[in-house]
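According to full-length UniProt numbering, the sequence shown is numbered sequentially starting from 1.
Using N, Cα and C, we set each Cβ at its ideal position, and we do this for glycine too.
Structure record follows, encoded as structure tokens.
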Amino acid sequence: MKKILALAILGLIGLGFIEFVEYPIDGYERTGIKRLKRLEMIKNGELKETSPLPVGAKKSWEDIQLNLLNRKEDSVGSFFMVDESFQKDIGALFRGLDKSYSLAIMDISDPDSVRYAERNKTLGYQPGSVGKLAVLVALFEQMAKIYPDSFELRTQLLKNKVVKAGVWGLTDEHTIPIFNVEKNTLVKRQVIASDVFSLYEWADHMLSVSNNGAASIVWREALLMAAFGEKYPGLTEEEAMAYFKETPKKELTDLANDVVNLPLRDLGITSDEWRLGSFFTSGANTYVGDKGGSIGTPYGLMKFLVQLEQGKVIDEASSLEMKRLMYMTDRRIRYAQSPVLKEAAVYFKSGSLYKCDRSKGEECGKYMGNVQNFMNSVIIVEHPDNCRYMVVLMTNVLRKNSASDHMYLASAIDKIVRKG
């Protein structure tokens, strides 16, 4: 594996993410996500940008499709038959390494004959920001309950329902992009309590820059949807605040936990394979507590990806829209930064969580924890030549920034998949 330079020593506990941007760049009119308007203007030459868009980032929202629709009737378990030749090649990448590296990979280039390989597939990791995918599922699950017969009404709700951050958006040191469509100006700053965005934009902030405050806000809104049902679209901020103030914290905690976890159980993903136990910001803990802890495994997350591509995560339209929200349209990081993926469309979520104990006298810093150092990559890769595959890579390599490992493995895995 490639060695990397040491980073500066930080305090006891650190949590961080690097900015990247998602959703197809022609989606502004459809979603109202203002950031997309800027990217579209850059693509059309109306605004200057020093960093050109990757070739694989230019798909239209209409071009994004689900890859396993013709396998919709198959059970998720039928996809996890290990291909011995594929397994041998993938296993060779990890020869001599310990259980700090876990992986599940599935080649779906030929949907009727998938290839699967794995390594420590059931080993549990702190999922970090990968857990935000569970929040996304919760949002779409609750919208489907409000509007069971109309996906159009669900997307209208995402576009038109605006909500205020409040304390739920606090505190996260990472910024969000705020584009003024009248002045064509971009500001990047932290979420503040007075921020107001649509549900689409909060969801985009949650995924595109992995903002923790946005994730807590989206989770909050899914919780409110579960509590108020068909009354939610007209729910006022005052009514929502009254609900949180008047409802016992334990009741709110139980409901919040069910909202994000029960949809995963409906997909056959067990609590030991993937669960979310706490909000992403301390501000949310004013009203909702933690329950059960958070964990993720390559197997549980691959179950999600398979069923997303089958159109089974809630329904086909929801699965497709969630995939669009995972589509990267700007700067790529970690696994997705591999040069061999430059022309590929990638649907990606990365997560990290590190913890330092400086009393040990060891080197320890950002993304280089000496107590915990989780880094996780969940990705769907679609090359122009129809080579398509999915990877869940989860690592806990202490005292080392694993971003370079993830990027190295991305290149090596791509070569193996292409070898066929």
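Going along the chain, which residues of its own chain have a beta-carbon closer than 8 Å to the beta-carbon of Leu-5, five neighbours each way excluded? On the sequence shown, residue 5 is found 5 positions in, with the first residue counted as 1. Residue placement at Leu-5 cannot be trusted, given a pLDDT of 31 that sits under 50; what the coordinates show is reported in the next sentence. Closer than 8 Å at Cβ, skipping near neighbours: no residue.
Could you compute how far the alpha carbon of Arg-388 sits from the alpha carbon of Trp-202? Here residue 388 is taken as the residue at index 388 of the sequence shown, counted from 1. Here residue 202 is taken as the residue at index 202 of the sequence shown, counted from 1. Computed Cα separation, rounded: 29 Å.
Which residues mark the beginning and the end of the beta strand (DSSP E) in which Asp-107 is found? As a working mapping, residue 107 is identified with position 107 in the sequence shown. Per DSSP, Asp-107 belongs to the beta strand (DSSP E) from 101-107.
Which residues bound the beta strand (DSSP E) around Leu-305? As a first step, residue 305 must be located in the sequence shown, where it is residue number 305. Per DSSP, Leu-305 belongs to no beta strand (DSSP E); it is in the alpha helix (DSSP H), 298-310.
For Phe-17, count neighbouring Cβ atoms within 10 angstroms of its own Cβ and tell me buried if that reaches 16, exposed if not. The residue labelled residue 17 in the question sits at position 17 within the sequence shown. Any reading at Phe-17 must be qualified, since the residue scores a pLDDT of 35, below 50, and its modelled position is unreliable; no value is offered.
Is there contact between the stretch 252-262 and the stretch 53-73, where contact requires at least three CB pairs shorter than 8 Å? no
Cβ-based neighbour list, Leu-158, same chain, cut-off 8 Å, excluding 5 preceding and 5 following: Working through the sequence shown from its first residue, we reach residue 158 at position 158. The residues are Thr-31, Met-143, Ser-198, Leu-199, Tyr-200 and Ala-203.
What ranges does the alpha helix (DSSP H) occupy inside the stretch 51-131, keeping only unbroken runs of at least 4 residues that lie completely in it? 84-92
Is the beta carbon of Leu-267 sitting closer than 9 Å to the one on Val-313? Looking up residue 267 in the sequence shown gives position 267. Looking up residue 313 in the sequence shown gives position 313. Yes, Cβ-Cβ distance for Leu-267 and Val-313 is below 9 Å.
Among Pro-127, Lys-323, His-174 and Leu-224, which one has its Cα closest to the Cα of Leu-205? The residue labelled residue 205 in the question sits at position 205 within the sequence shown. The question names Leu, but residue 205 in the sequence shown is His. That would be His-174, whose Cα lies nearest to the Cα of His-205.
First and last residue of the beta strand (DSSP E) that includes Thr-395? Start at 1 with the first residue of the sequence shown, and residue 395 comes out as number 395. Taken as a continuous stretch (DSSP letters only), the beta strand (DSSP E) holding Thr-395 covers 388-396.
Buried or exposed: Asn-160, going by 16 or more other Cβ atoms within 10 Å of its Cβ? Here residue 160 refers to the residue found at position 160 of the sequence shown. Per the 10 Å Cβ criterion, exposed.
Quick check for students: name the residue ranges of the alpha helix (DSSP H) that lie wholly in the stretch 182-226, counting only runs of 4 or more. 199-208
Flag this pair as touching only if the stretch 386-400 and the stretch 364-371 have three or more C-beta atom pairs under 8 Å; answer yes or no. yes
Run through DSSP, which three-state label would Pro-263 get? As a first step, residue 263 must be located in the sequence shown, where it is residue number 263. Helix, per DSSP.
I'd like the span of the beta strand (DSSP E) that includes Lys-164, first residue to last. Counted from its first residue, the sequence shown places residue 164 at position 164. Where Lys-164 is concerned, the enclosing beta strand (DSSP E) stretches over 162-164.
Please state whether DSSP places Asn-373 in a helix, a strand or coil. Residue mapping note: residue 373 aligns to position 373 of the sequence shown, counting from 1. Three-state DSSP puts Asn-373 in a strand.
May I ask you to list the residues that DSSP assigns as paired with Pro-177? Against the sequence shown, residue 177 aligns to sequence position 177. Pro-177 is bridged to Lys-188.
Counting C-beta neighbours from all protein chains within 10 Å, is the total for Leu-136 16 or more, i.e. buried, or is it exposed? To locate residue 136, count along the sequence shown from 1; it is residue 136. Classification for Leu-136: buried.
So Asp-89 and Ile-416 are supposed to be a Cβ contact under 8 Å. How far apart are they, rounded? Translated into positions along the sequence shown, residue 89 becomes position 89. Translated into positions along the sequence shown, residue 416 becomes position 416. Sure, about 5 Å apart at Cβ, within 8 Å.
What number of angstroms, rounded off, separates the C-alpha of Glu-238 from the C-alpha of Asp-414? Here residue 238 refers to the residue found at position 238 of the sequence shown. Here residue 414 refers to the residue found at position 414 of the sequence shown. Looking at the two C-alpha atoms, the distance is approximately 51 Å.
Go through its chain and collect everything with a Cβ distance to Gly-229's Cβ below 8 Å, but skip five positions before and after it. Translated into the one-based positions of the sequence shown, residue 229 becomes position 229. Closer than 8 Å at the Cβ level, and outside the excluded window around Gly-229, lie Lys-145 and Ile-146.
Opening and closing residue of the alpha helix (DSSP H) in which Lys-355 lies: Numbered from its first residue, the sequence shown carries residue 355 at position 355. Premise fails: Lys-355 lies in the beta strand (DSSP E), 345-355, not in any alpha helix (DSSP H).
In three-state DSSP terms, what is Glu-382? Residue mapping note: residue 382 aligns to position 382 of the sequence shown, counting from 1. The answer is strand: DSSP assigns Glu-382 an E or B state.
CB of Gly-77 within 9 Å of CB of Gly-296, strictly: For the purposes of this step, residue 77 is identified with residue 77 of the sequence shown, where counting begins at 1. For the purposes of this step, residue 296 is identified with residue 296 of the sequence shown, where counting begins at 1. In this structure, Gly-296 does not lie closer than 9 Å to Gly-77 by Cβ.
Find out if the Cβ-Cβ distance for the pair Glu-321, Thr-155 is shorter than 9 Å. One-based indexing of the sequence shown puts residue 321 at position 321. One-based indexing of the sequence shown puts residue 155 at position 155. In this structure, Thr-155 lies closer than 9 Å to Glu-321 by Cβ.
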